Amino acid sequence: MTLLDFARGPALYWSLIFLVAGILLRLVGALLLARARYLSKPRSTHTVWAGIRGGVERCEYGLIGDVVNLACRLALKAGWGEIWVGPAAYERLQETFRLEARGTYQLKGKRGEMPVYLLQGKEEQVEAVFHPGRMVGREGELDQLAAYVQPILAGQFAGLVYVYGEAGIGKSRLVYELRRQLTDRGVRWFLCPADQILRQSLNPFRRFLLHYFDQSRDRPAEQNRARFDELLDGLIASLQALPSPAARDASELVGELERTRSFLAALVDLRWEGSLYEQLDPKLRFENTLLAVKTLVLAESLRQPVVLQLEDLHWLDDDSQELVKLLTRSVQDYPLATVCTGRYRDDGSRVALPVDADVPQQVLELDTLLPDGVRLLAAQMLAPREAERPEAELSEELAAFLAEKTGGNPFFVEQLLLDLREQGTVIRGTGGEWVLAGEEVTQSETRAYGCSVKY
Ligand SMILES: Nc1ncnc2c1ncn2[C@@H]1O[C@H](COP(=O)(O)OP(=O)(O)O)[C@@H](O)[C@H]1O
Ligand SMILES: [Mg+2]
-10 MTLLDFARGP ALYWSLIFLV AGILLRLVGA LLLARARYLS KPRSTHTVWA
40 GIRGGVERCE YGLIGDVVNL ACRLALKAGW GEIWVGPAAY ERLQETFRLE
90 ARGTYQLKGK RGEMPVYLLQ GKEEQVEAVF HPGRMVGREG ELDQLAAYVQ
140 PILAGQFAGL VYVYGEAGIG KSRLVYELRR QLTDRGVRWF LCPADQILRQ
190 SLNPFRRFLL HYFDQSRDRP AEQNRARFDE LLDGLIASLQ ALPSPAARDA
240 SELVGELERT RSFLAALVDL RWEGSLYEQL DPKLRFENTL LAVKTLVLAE
290 SLRQPVVLQL EDLHWLDDDS QELVKLLTRS VQDYPLATVC TGRYRDDGSR
340 VALPVDADVP QQVLELDTLL PDGVRLLAAQ MLAPREAERP EAELSEELAA
390 FLAEKTGGNP FFVEQLLLDL REQGTVIRGT GGEWVLAGEE VTQSETRAYG
440 CSVKY
């Protein structure tokens, strides 16, 4: 087709449509690119071009960039179910994830050999969770939560307590506060965090047990085994020393702990030849594994009240759900509570666990912070060292800006403030209060945040 043909009749009409559509697509692409660049700023080491590729008849949303090619090459080389990363990702992730070096590979399109790493899981030291600063607001919710688990302080099962709310709303923060209150009163707290990426069987419980049995991948297996036995034997000895009336329960649990030792061990990757675990078929292995964890938790609850925290229910694997079902069955006289945090599903419904109908269940829903809460949180963040004296005030303009842009979500308040500080957009005013610098108030950046809030 010549240009002349193209300019005639309906062809002109179509060429105009193509032109306008092309401009529109470029605009959308540019916006998406701006967003991808902005969002990737704190986390990534590469630029990814995100946008819509193709023409009007056939187009798709896609990502282009060197690192996308690398991800593709790694995915092709990795075994089924494995996640491999390259050196830049390794640098970023090595403190929070366990990564095993897998040697060097020649990857298509890359010069020289590149070291690659296998993602094995999160670091075991999950108990290092720590929230600096004071919790803002939420006094009513905290009282409510404390009331829900109160039965454990009277030696009773408190059932399941759900804390629901959108991402970043402060579920973990609130539960952390409860944890501080209760551990001060002698309650033992077990954290079982579900993992978005690694949803392998019983992963949250494995992580709890790795911490409980003080296992370290930097130690040889024999040392880990010795530590495991030492801690389990310590629990058994303390159960045997319990006075009646707990003694009858205790002796049953002691027998069960001895019987299921190899199942607990297998959960922390310790195995030995001839163990009961090794002898049973997969179905019986699984059943006994669930029983083993339940026995351990009940045994602990005879020493002191226990709270089991299931963090991020929305990522919980099916086997862990089975375990919770078993764990909460017929345990009325054990001082045990299960506190679960979880987000809503996309349709707004709440993730619930398939427990027996007679298990007490309580629900607490977290809403966004009120503007005063946002203001306080921001003031605390801006001047953490002034925590003892009243924090410096925020200007009305800054407080209103933060409340509006973040919708009262504490995580967004933190992130937006960090970013504004980094840009030098939040500064001390002449009266010592925090103000927004400049007229334009980083409109472009805040628009990008609008995107990150949504996605
Ligand atoms: N009430 C609060 N007071 C102070 N900081 C809070 C509050 N709620 C949440 N945060 C902070 O906001 C961030 C997100 O909260 P987090 O509890 O992790 O959210 P969620 O578990 O709901 O995703 C954390 O850094 C947390 O410390
Ligand atoms: Mg959380």
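Those letters in the sequence shown? Residues -10 to 444, per the numbering used here, in order.
Yeah, the Cβ is synthetic: ideal placement off N, Cα and C, and Gly gets one too.
On a predicted model such as this, the values are computed, not experimentally measured, just so you know.
Quiz item: Considering only C-alpha positions, which residue in the set Val340, Leu371, Cys61, Asn58 is nearest to Gln404?
Solution: Position 415 of the sequence shown, counting from 1, holds the residue named residue 404. Measuring from the Cα of Gln404, the nearest candidate turns out to be Leu371.
Quiz item: Where Phe86 and Arg195 are concerned, what is the direct C-alpha to C-alpha distance, given to the nearest angstrom?
Solution: Taking the sequence shown and counting its residues from 1, one reaches residue 86 at position 97. Taking the sequence shown and counting its residues from 1, one reaches residue 195 at position 206. Phe86 and Arg195 have their C-alpha atoms spaced approximately 15 Å apart.
Quiz item: By DSSP, does Met370 sit in helix, in strand, or in coil?
Solution: Residue mapping note: residue 370 aligns to position 381 of the sequence shown, counting from 1. Helix at Met370.
Quiz item: Going along the chain, which residues put their C-beta within less than 7 Å of some heavy atom in ligand 2?
Solution: Close to ligand 2, as judged by a C-beta nearer than 7 Å to any of its heavy atoms, are the residues Lys160, Ser161, Glu300, Asp301, Thr330, in chain order.
Quiz item: Can you tell me whether DSSP reads Gln204 as helix, strand or coil?
Solution: For the purposes of this step, residue 204 is taken as residue 215 along the sequence shown, with counting starting at 1. DSSP, reduced to helix, strand and coil, places Gln204 outside both helices and strands of the structure shown, so it counts as coil.
Self-check item: Residue ranges of each alpha helix (DSSP H) within the region 273 to 348, 4 or longer
Solution: Runs found: 307 to 316.
Self-check item: Where Ile53 sits in the DSSP three-state scheme
Solution: Counting from 1 along the sequence shown, the entry for residue 53 is found at position 64. In the structure shown, Ile53 sits in a strand (DSSP, three-state: E or B).
Quiz item: How many Å lie between Lys272 and Val344 at the Cα?
Solution: Position 283 of the sequence shown holds residue 272. Position 355 of the sequence shown holds residue 344. Those two C-alpha atoms are separated by around 21 Å.
Quiz item: Taking 8 Å as the cut-off, is the CB of Met124 close to at least one heavy atom of ligand 1?
Solution: By 1-based counting over the sequence shown, the position of residue 124 is 135. Indeed, a heavy atom of ligand 1 lies less than 8 Å from the Cβ.
Quiz prompt | Residue closest to Leu302, alpha-carbon to alpha-carbon, out of Ser161, Cys48, Leu88 | solution = Working through the sequence shown from its first residue, we reach residue 302 at position 313. Closest option to Leu302, Cα to Cα, is Ser161.
Quiz item: Sorted by chain position, which residues of the same chain lie with C-beta nearer than 8 Å to Ala183's C-beta, five sequence neighbours on each side aside?
Solution: Within the sequence shown, residue 183 is the residue found at index 194, counting from 1. For Ala183, where only same-chain residues beyond five positions count, the Cβ hits under 8 Å are Asn192, Pro193, Leu299, Glu300, Asp301, Leu302, His303, Trp304, Leu305, Asp306, Ser309.
Quiz item: Can you find at least 3 beta carbon pairs, one from the region 199 to 212 and one from the region 320 to 329, that sit closer than 8 Å?
Solution: Contact between the region 199 to 212 and the region 320 to 329 is absent, because fewer than three Cβ pairs lie under 8 Å.
Quiz item: Helix, strand or coil: which one does DSSP assign to Thr172?
Solution: The residue given as residue 172 occupies position 183 in the sequence shown. Three-state result, Thr172: helix.
Self-check item: Straight-line Cα distance separating Val415 from Tyr27
Solution: As a first step, residue 27 must be located in the sequence shown, where it is residue number 38. As a first step, residue 415 must be located in the sequence shown, where it is residue number 426. Unreliable positioning characterises Tyr27 in this predicted model, as indicated by a pLDDT of 45, which lies under 50. The coordinate reading is nonetheless provided below. In this structure, the alpha-carbon of Tyr27 lies about 19 Å from that of Val415.
Quiz item: Who are the Cβ neighbours of Glu377 in its own chain at under 6 Å, not counting the five residues just before and after it?
Solution: Looking up residue 377 in the sequence shown gives position 388. Any answer about Glu377 is weak, because its pLDDT of 48 lies below 50 and its placement is not dependable; what the coordinates show is given next. The beta carbon of Glu377 sits closer than 6 Å to no other beta carbon from its chain once the five residues preceding and following it are set aside.
Exercise. Answer yes or no: do Val402 and Leu391 have a C-beta to C-beta separation smaller than 9 Å?
Key: Taking the sequence shown and counting its residues from 1, one reaches residue 402 at position 413. Taking the sequence shown and counting its residues from 1, one reaches residue 391 at position 402. Between Val402 and Leu391, the gap from beta carbon to beta carbon is short of 9 Å.
Quiz item: What whole-angstrom Cβ distance do Ala326 and Val296 have, given they're in contact under 8 Å?
Solution: By one-based count along the sequence shown, residue 326 stands at place 337. By one-based count along the sequence shown, residue 296 stands at place 307. Contact flag correct, Cβ pair sits at about 5 Å.
Quiz item: Taking three-plus beta-carbon pairs below 8 Å as touching, is the region 164 to 174 in contact with the region 126 to 146?
Solution: Because the criterion of three Cβ pairs below 8 Å is met, the region 164 to 174 and the region 126 to 146 touch.
Quiz item: Straight-line CA distance for Thr419 to Leu383?
Solution: The residue you call residue 419 lines up with position 430 of the sequence shown. The residue you call residue 383 lines up with position 394 of the sequence shown. Using only the alpha carbons, I get a separation of about 12 Å.
Quiz item: What number of angstroms, rounded off, separates the C-alpha of Leu242 from the C-alpha of Tyr153?
Solution: Taking the first residue of the sequence shown as 1, we reach residue 242 at position 253. Taking the first residue of the sequence shown as 1, we reach residue 153 at position 164. Annotation: Leu242 to Tyr153 spans about 34 Å, alpha carbon to alpha carbon.
Exercise. Please work out which residues of its chain come closer than 6 Å, Cβ to Cβ, to Cys181, disregarding the five sequence neighbours upstream and downstream, and give them in chain order.
Key: As a working note, residue 181 is residue 192 in the sequence shown. Residues Pro193, Phe194, Phe197, Leu299 of the same chain have their beta carbon placed closer than 6 Å to that of Cys181, with the five preceding and five following residues left out of the count.
Self-check item: For Thr284 and Gly144, the rounded distance between their alpha carbons
Solution: Here residue 144 refers to the residue found at position 155 when the sequence shown is read from its first residue. Here residue 284 refers to the residue found at position 295 when the sequence shown is read from its first residue. Taking the straight line joining both Cα atoms gives about 17 Å.
Quiz item: What is the C-beta distance between Leu355 and Ile158, in whole angstroms, given that I count them as a contact (C-beta under 8 Å)?
Solution: Taking the sequence shown and counting its residues from 1, one reaches residue 355 at position 366. Taking the sequence shown and counting its residues from 1, one reaches residue 158 at position 169. The pair is a contact, with the Cβ atoms about 5 Å apart (cut-off 8 Å).
Exercise. List the whole-angstrom C-beta distance separating Glu494 from Thr93, where the pair is believed to meet the contact cut-off of C-beta under 8 Å.
Key: Within the shown structure, residues of the chain are numbered from -10 to 444, placing residue 494 beyond reach of any answer.
Practice problem: Work out the CA separation of Gly122 and Asn398 for me, nearest whole Å. | Solution: Here residue 398 refers to the residue found at position 409 when the sequence shown is read from its first residue. Here residue 122 refers to the residue found at position 133 when the sequence shown is read from its first residue. Take the alpha-carbon of Asn398 and the one of Gly122: they are about 17 Å apart.
Practice problem: Note the first and the last residue of the continuous alpha helix (DSSP H) segment covering Phe401. | Solution: Residue 401 sits at position 412 when you count from the first residue of the sequence shown. Segment 399 to 412, the alpha helix (DSSP H) holding Phe401.
Exercise. Return the first residue and the last residue of the beta strand (DSSP E) that Arg177 is part of.
Key: Along the sequence shown, read from residue 1 onward, the residue named residue 177 stands at position 188. Here the beta strand (DSSP E) through Arg177 covers 177 to 182.
Exercise. Give every residue of the same chain whose Cβ lies closer than 6 Å to the Cβ of Ala426, excluding the five residues on either side of it in the sequence, and list them in chain order.
Key: Taking the first residue of the sequence shown as position 1, residue 426 is located at position 437. Thr414, Ile416.
Quiz item: Buried or exposed: where does Trp69 fall if 16 or more other Cβ atoms within 10 Å of its Cβ makes it buried?
Solution: The residue you call residue 69 lines up with position 80 of the sequence shown. With fewer than 16 Cβ atoms within 10 Å of its Cβ, Trp69 is classed as exposed.
Practice problem: Report yes if the C-beta of Gln298 is less than 8 Å from at least one heavy atom of ligand 1; otherwise report no. | Solution: As a first step, residue 298 must be located in the sequence shown, where it is residue number 309. Not one heavy atom of ligand 1 lies closer than 8 Å to the C-beta of Gln298.
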